[in-house]
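Notes follow the structure.
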Amino acid sequence: MKILYIFPHPDDESFGPAPAISAQLRQGHEVHLLTLTKGEATKQRFRLGVDKDEMGDIRFKEMQCVEKTLGLNGMTVLDLPDNELKKMNPIELENVIEQQIHDLKPDVIVTYAVHGISGFEDHLVCHAVVKRVYCKLRDMGISYPKRLALFTRMGEIYTDGKFRLAVSQEEDIKFIEQCNDDDMQKFNDALDCYQTYKEVIDGSGVRNVTTKDVPFEIFGENIERRLNSIVDGLRS
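Just so we're aligned, residue 7 is where the sequence shown starts under our numbering, counting upward by one.
Shown next, in the form of structure tokens:
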């Protein structure tokens, strides 16, 4: 089946869901990535001495490395304003995402859970808008996407004074992607693509808190047991 991950920034796909993406590709699914911005507003641009346009180009090239490393079936990187999605007319943002969904016709779309894991504002906006588009398409009777999965974390809230990662309640987690050593290697290799972001990656501790068990919530479905796969119960 066809899966579309939708995130606001470069590196969002690698900060946790990358092992699941690798596993789903290994299982034979077609996996695509939609990134709303080029991540040009990162403060790393000051360290590098580049402006936002140059930073966006640098990060796009790093994303091309990720595309190749993970073996994605397709990747689209938009140029919406990084760190300013909250300032956009949400209807305009919805229309952009809806058009991308119509172009690809995915069976499953994936974005952040409601807490955005890190709580970054662009993450929260992305969750709300993607969920709104999903509900709209379902109400219209369109056959795709069939499912909205929400990438999350489970267990204890992680914080080291710099980063605070939110988690979902155990009862809200409806599927856990079981990844293997190869998937974890792909995760680490994908993170390594972001050479300009190495300082942030190392400071985040993401390599330590990301495990072979990648959890997801499932929105709007009455699921009484944990699913066996992200497409469990869906018809082709």
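Glycine included, every Cβ here is placed at the ideal spot set by N, Cα and C. It should be emphasised that the depicted structure is a prediction, and the values quoted were computed from it without experimental measurement.
DSSP, read as helix, strand or coil, puts arginine 153 in strand.
Under the Cβ criterion (8 Å, minimum of three pairs), the stretch 95–102 does not count as touching the stretch 7–15. Taking C-alpha positions only, alanine 134 is separated from valine 120 by approximately 7 Å. Partner residues in the beta bridge of histidine 38, as assigned by DSSP, are Leu10 and Gly80.
Counting C-beta atoms within 10 angstroms of its own C-beta, glutamine 30 has 16 or more neighbours from the protein chains shown and is therefore classed as buried.
For valine 116, the enclosing beta strand (DSSP E) stretches over residues 114–118. According to DSSP, threonine 43 shares a beta bridge with Leu86. Sequence-distant partners of glutamine 175 (beyond 5 residues in either direction) whose C-beta falls short of 7 Å from its own C-beta are missing from its chain. Listed in chain order, the non-local C-beta contacts of glutamate 73 below 8 Å within the same chain comprise Leu39 and Met81, local neighbours out to five positions each way being set aside.
Annotation for lysine 180: the continuous beta strand (DSSP E) segment containing it runs 179–184. Here the alpha carbon of proline 151 sits roughly 23 Å from the alpha carbon of leucine 91. In this structure isoleucine 148 is not in contact with leucine 76, their Cβ atoms being roughly 28 Å apart against a cut-off of 8 Å. Here aspartate 57 has Arg51 as same chain residues with Cβ atoms under 8 Å from its own Cβ, once five neighbours each way along the sequence are excluded. DSSP lists Phe157 and Phe181 as the bridge partner or partners of phenylalanine 222.
Of the candidates Thr41, Ile229 and His35, the residue whose Cα lies closest to the Cα of cysteine 132 is Thr41.
One alpha carbon belongs to valine 139, the other to aspartate 145, and they sit about 10 Å apart.
In this structure, glutamine 201 and glutamate 104 do not form a Cβ contact; the two beta carbons are roughly 34 Å apart against a cut-off of 8 Å.
Close CB contacts of glycine 45 within its chain, under the 6 Å cut and outside five residues either way in sequence, are with His15, Pro16, Arg65 and Asp88 (chain order).
Excluding sequence positions up to five before and after glutamate 183, its CB lies within less than 6 Å of the CB of Ala26, Ala29 and Val220, all in the same chain and listed in chain order.
Nearest C-alpha to serine 210 among Asp128, Leu171 and Asp198: Leu171. As the crow flies, the alpha-carbon of glycine 22 is around 15 Å from that of glycine 125.
Judged by DSSP in its simplified three-state form, arginine 170 adopts strand.
The beta carbons of phenylalanine 181 and threonine 216 sit no closer together than 8 Å.
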